[in-house]
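Undergrad:
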Amino acid sequence: MRIGVLALQGAVPEHVAAVQRALRASGKRGEAILVRRPHDLEKVSALIIPGGESTTISRLIDKFKLREPIIQRARAGMPMMGTCAGCIIVASGGDGTIEQMKLIDAQVVRNAFGRQRESFERALDINGYDSPFCAVFIRAPIIEKVWGECKALASVPEGIVMAKQGNILALAFHPELTGDPRIHEMLIGMV
Numbered sequence: 118m119r120i121g122v123l124a125l126q127g128a129v130p131e132h133v134a135a136v137q138r139a140l141r142a143s144g145k146r147g148e149a150i151l152v153r154r155p156h157d158l159e160k161v162s163a164l165i166i167p168g169g170e171s172t173t174i175s176r177l178i179d180k181f182k183l184r185e186p187i188i189q190r191a192r193a194g195m196p197m198m199g200t201c202a203g204c205i206i207v208a209s210g211g212d213g214t215i216e217q218m219k220l221i222d223a224q225v226v227r228n229a230f231g232r233q234r235e236s237f238e239r240a241l242d243i244n245g246y247d248s249p250f251c252a253v254f255i256r257a258p259i260i261e262k263v264w265g266e267c268k269a270l271a272s273v274p275e276g277i278v279m280a281k282q283g284n285i286l287a288l289a290f291h292p293e294l295t296g297d298p299r300i301h302e303m304l305i306g307m308v
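Sequential numbering from 118 applies to the sequence shown in the working numbering.
1. On the DSSP letters alone, give me the boundaries of the alpha helix (DSSP H) that S175 sits inside.
2. How far does the alpha helix (DSSP H) with V207 in it reach, from first residue to last?
3. Which class does V308 belong to by DSSP, given the choice of helix, strand or coil?
4. Once you ignore the five residues that flank T172 on each side, which residues in its own chain have a CB closer than 7 Å to its CB?
5. Go through its chain and collect everything with a Cβ distance to A142's Cβ below 7 Å, but skip five positions before and after it.
6. In terms of residues, what are the limits of the beta strand (DSSP E) holding Q137?
7. In chain order, what residues of the same chain have a beta carbon less than 8 Å from the beta carbon of G211, not counting five sequence neighbours either side?
8. Starting from L158, trace the alpha helix (DSSP H) in both directions and tell me its first and last residue.
9. Using 8 Å for Cβ pairs, my map puts M307 next to A163. What's the rounded Cβ distance?
10. If we count the other Cβ atoms within 10 Å of its Cβ and call it buried at 16 or more, is S248 buried or exposed?
11. For the putative contact between M195 and L304, defined by C-beta atoms under 8 Å, what is the C-beta separation to the nearest angstrom?
12. Please identify the residue among M118, V152 and G144 whose C-alpha is closest to the C-alpha of A130.
13. Which residues does DSSP list as the beta-bridge partners of L288?
Written out as structure tokens, the structure is:
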């Protein structure tokens, strides 16, 4: 099993390490693969679009001609996870500053929790988990609403912070910055 991490900008090494932890924790064999070009995408069973800066990541996705191949693979059923900026990119609605992939029926608001200095951690109750997940929010978006087939998996008083639609996970927070492998294990389990 090969889990791709879109390696254009953002929390790439952290996601690679989190995938390795999740593979060990789940007892599955596999590896994390860096995805920088369309031919890299052909090698993976799942893809993570990491946090970072959403306008930069979106521009680089276009520069390296990855947008259509990613959309095609996602629509063909490849599991994907978008975290923070990746959540904004996979959503259907936003503030119009970037071209979104429209892979989940969700409206996302950028930087909903403020700037870098307003970053925080919060224990989240995630549907299907026996114990809370410590989530790290850094200049995080919020999922303002979901519709259609998209379902909220975790919320805070400000709004939805984790959603799933079919083979796509969208998270407003950074699961790769904790030692808890459960969310990456969830992605691996979708392969």
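Glycine included, each C-beta is placed from N, C-alpha and C at the ideal position.
TA: Put simply:
1. Numbered from 1 along the sequence shown, position 58 holds the residue referred to as residue 175. Unbroken alpha helix (DSSP H) run through S175: S171 to K180.
2. Translated into the one-based positions of the sequence shown, residue 207 becomes position 90. Run containing V207: A202 to V207, per the alpha helix (DSSP H) assignment.
3. Locating residue 308 in the sequence shown gives position 191, counting from the first residue. Residue state, collapsed to three classes: coil.
4. As a working mapping, residue 172 is identified with position 55 in the sequence shown. Excluding residues within five positions, the ones whose Cβ falls inside 7 Å are T214 and I215.
5. If you number the sequence shown from 1, residue 142 lands on position 25. Taken in chain order, the residues that qualify are P298 and E302.
6. Along the sequence shown, read from residue 1 onward, the residue named residue 137 stands at position 20. No beta strand (DSSP E) holds Q137; the alpha helix (DSSP H) holding it covers V129 to S143.
7. What you label residue 211 is simply residue 94 of the sequence shown in a count that begins at 1. Cβ neighbours of G211 beyond the five flanking positions: I205, Q217, Q224, V225, V226 and R227.
8. Residue mapping note: residue 158 aligns to position 41 of the sequence shown, counting from 1. Unbroken alpha helix (DSSP H) run through L158: P155 to L158.
9. Your numbering for residue 307 matches position 190 in the sequence shown. Your numbering for residue 163 matches position 46 in the sequence shown. So it is a contact: roughly 7 Å between Cβ atoms.
10. Walking along the sequence shown from the start, residue 248 turns up at place 131. Its Cβ having fewer than 16 others within 10 Å, S248 is exposed.
11. Here residue 195 refers to the residue found at position 78 of the sequence shown. Here residue 304 refers to the residue found at position 187 of the sequence shown. Contact doesn't hold; Cβ gap of about 11 Å is too wide.
12. Taking the first residue of the sequence shown as position 1, residue 130 is located at position 13. At residue 130 the sequence reads Pro, which differs from the Ala that was named. The option with the nearest alpha carbon to P130 is V152.
13. As a first step, residue 288 must be located in the sequence shown, where it is residue number 171. T200 and M279, per the DSSP bridge assignment.
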